[in-house]
DNA sequence: TTGCGACGAATTGTTCAACAAAACGCACCC
DNA sequence: GGGTGCGTTTTGTTGAACAATTCGTCGCAA
């Protein structure tokens, strides 16, 4: 995926769209490209090339950069430019620090509503696992955690979680992804739903905390192996 | 506090400062003015006037707006402009929804470190209360919650809490602030520190959840009285 | 008086062109 | 081979322009 290809596809899409609030639209486009992995972690986002590809002015593009920067999707080095965020080991620790607070809290203290949506996501993940469809399984796992936090009913926690999961995707994009990574967690998720349905929220929260600890250790270990793309760009 | 006065003081400060990254600096200035209550909730932020007062270009100002918008300090109505955020009753409910997750979680699951800083803040709050210094007491109370969440050691939760407290200041700025509002909570904070020191984190978390519920109800009730500034501008 | 539509003024959304300052790349020299 | 200096590129910021939208206000009719 040469950056040339990315720019070309952007050019295509840009022509076809009417934009009401351009900078918002631009931010969404870039967010999408990054989430899809078409713009890899650490990649530079040069103003001139993107401006041309998106067919917007540099000012509008820079406004979009400001939003993405606030979302931590993108990092800014003064006078050097904007880069796709590239999580370090410390970032991983930070991510899991947050998750170990938010996710068990959500299990414990969310208004106890129906768990059918969670069960459905688990079924999807199992299906994908059996079909050997790793991306679908990874997606379903992410969706599971998103749905879990959504139970809290807080817009702000939702968007925090969305950001965190976006950063998780960057983490996965940064390392040679072992297909077997996501598999064990499908069953953990299933168990969590069971506990929740049985009214054993405290046990579910404990399992979740444990599970997150395991995942963190696994990712940190993977950081140290050669497969992990070096630290900062340059 | 005429908006004229605000602009004049901005003009003064603008001249004296060297700005390395101007848009960041502009965002910080505005954030400060809003936090201080010099720009009231619902106030319009006209581009031309601010541009002139800050001595920056409209583009730079708009980039700062993008940052503040992402922080929810400021609201954008397309083609109408940017306004200081003006929390509604729903926003208050949302704020406390988040706080009831984050703060008890922080009490329960933060690495158990020294509580000396918390105790110190409680002493400050008591001092301010005795001196009848309401703003200082309100500040100390806010600082207490900030310090509590800081124990989690997560940069992201820190900034979430910082945003939440900023929005709380907007809530207080929106209503005729009863000086007696903050007082009872000083002693609750003290009790929480005691429980924490005694290793009774679960009790502390429970007290906190209860306390937050009380505060929310009180604020929601205050919303309904005439003192509260109407809903959205226009 | 009150309500309503229209017109002109002000403001926003977006683009373009320019320039200083900083970082980058590269040939050059020790 | 490893620093050094210089021209080139990119970023940070400004200023001006213009279409689109909203705002304010005036006049008119019920």
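Chains as they are written, first to last, in my numbering: chain H, 1 to 234; chain F, 1 to 234.
Glycine included, each C-beta is placed from N, C-alpha and C at the ideal position.
Given the structure is predicted, the values throughout are model-derived calculations rather than measurements.
Looking at C-alpha atoms only, which residue of the options is the closest neighbour of residue i?
{"i": "residue 110 of chain F", "options": "H:100, H:192, H:117 and H:110", "result": "H:100"}
{"i": "residue 81 of chain H", "options": "H:197, H:61 and H:87", "result": "H:61"}
{"i": "residue 51 of chain H", "options": "H:40, H:155, H:63 and H:42", "result": "H:63"}
{"i": "residue 28 of chain F", "options": "F:199, F:152, F:65 and F:196", "result": "F:65"}
{"i": "residue 170 of chain F", "options": "F:138, F:211 and F:210", "result": "F:138"}
{"i": "residue 43 of chain F", "options": "F:174, F:203 and F:211", "result": "F:174"}
{"i": "residue 172 of chain F", "options": "F:126, F:114, F:135 and F:102", "result": "F:135"}
{"i": "residue 56 of chain H", "options": "H:153, H:132, H:105 and H:26", "result": "H:26"}
{"i": "residue 183 of chain F", "options": "F:78, F:106, F:33 and F:129", "result": "F:129"}
{"i": "residue 154 of chain H", "options": "F:156, F:91, F:117 and F:145", "result": "F:91"}
{"i": "residue 143 of chain F", "options": "F:218, F:162 and F:194", "result": "F:162"}
{"i": "residue 210 of chain H", "options": "H:79, H:198, H:221 and H:189", "result": "H:189"}
{"i": "residue 114 of chain F", "options": "F:204, F:23, F:221 and F:196", "result": "F:196"}
{"i": "residue 123 of chain H", "options": "H:107, H:141, H:108 and H:106", "result": "H:141"}
{"i": "residue 208 of chain F", "options": "F:53, F:37 and F:107", "result": "F:107"}
{"i": "residue 178 of chain H", "options": "H:125, H:218, H:205 and H:117", "result": "H:218"}
Please go through the same chain and pick out, in chain order, the residues whose beta-carbon is closer than 6 Å to the beta-carbon of residue i, but skip the five residues on each side of it.
{"i": "residue 48 of chain H", "result": "none"}
{"i": "residue 70 of chain H", "result": "none"}
{"i": "residue 232 of chain H", "result": "Caution is warranted here: a pLDDT of 40 is assigned to residue 232 of chain H, below 50, making its placement in the model unreliable, and no coordinate value can be reported."}
{"i": "residue 76 of chain H", "result": "69 and 82"}
{"i": "residue 223 of chain F", "result": "89"}
{"i": "residue 23 of chain F", "result": "60, 63 and 64"}
Could you work out which residues of chain H lie near residue i, taking near to mean beta carbons separated by less than 7 Å?
{"i": "residue 98 of chain F", "result": "154, 156 and 157"}
{"i": "residue 94 of chain F", "result": "154, 155 and 156"}
Could you spell out the range, first to last residue, of the alpha helix (DSSP H) harbouring residue i?
{"i": "residue 127 of chain F", "result": "116-130"}
{"i": "residue 81 of chain F", "result": "No alpha helix (DSSP H) contains residue 81 of chain F, which is instead part of the beta strand (DSSP E) from 81-84."}
{"i": "residue 77 of chain H", "result": "Residue 77 of chain H -> not in any alpha helix (DSSP H); beta strand (DSSP E) instead, spanning 74-77."}
{"i": "residue 38 of chain H", "result": "Residue 38 of chain H -> no alpha helix (DSSP H), and no H or E assigned at all."}
{"i": "residue 133 of chain H", "result": "No alpha helix (DSSP H) contains residue 133 of chain H, which DSSP labels as neither H nor E."}
{"i": "residue 102 of chain H", "result": "89-109"}
{"i": "residue 172 of chain H", "result": "155-174"}
{"i": "residue 247 of chain H", "result": "Because residue 247 of chain H is not part of the residues shown, which for chain H are 1 to 234, the question remains open."}
Which residues in the same chain have their Cβ closer than 7 Å to the Cβ of residue i, if we skip the five residues on either side of it in sequence?
{"i": "residue 166 of chain H", "result": "35 and 73"}
{"i": "residue 95 of chain F", "result": "164, 167 and 168"}
{"i": "residue 212 of chain H", "result": "96, 99, 100 and 103"}
Find the residues of chain H that neighbour residue i, judging by a C-beta separation of less than 9 Å, and give them in chain order.
{"i": "residue 67 of chain F", "result": "66, 67, 69 and 70"}
{"i": "residue 87 of chain F", "result": "Chain H residues near residue 87 of chain F: none, gap ~13 Å exceeds 9 Å."}
Enumerate in chain order the residues of its own chain whose CB-to-CB distance from residue i is below 8 Å, with the five nearest sequence positions on each side excluded.
{"i": "residue 215 of chain F", "result": "96 and 185"}
{"i": "residue 45 of chain H", "result": "30, 39, 65, 74, 81, 82, 83 and 84"}
{"i": "residue 87 of chain F", "result": "41, 95, 167, 170, 171 and 174"}
{"i": "residue 145 of chain H", "result": "99, 103, 161 and 165"}
If the cut is a Cβ gap below 8 Å, which residues of chain F does residue i touch?
{"i": "residue 23 of chain H", "result": "66"}
{"i": "residue 105 of chain H", "result": "101, 102, 104 and 105"}
{"i": "residue 160 of chain H", "result": "156 and 160"}
So residue i contacts chain F; which residues on that side make the cut at Cβ distance below 7 Å?
{"i": "residue 46 of chain H", "result": "Those do not exist, as residue 46 of chain H stays about 18 Å from chain F at its closest Cβ, beyond 7 Å."}
{"i": "residue 62 of chain H", "result": "63"}
Could you name the residues that DSSP lists as bridge partners for residue i?
{"i": "residue 45 of chain F", "result": "F:82"}
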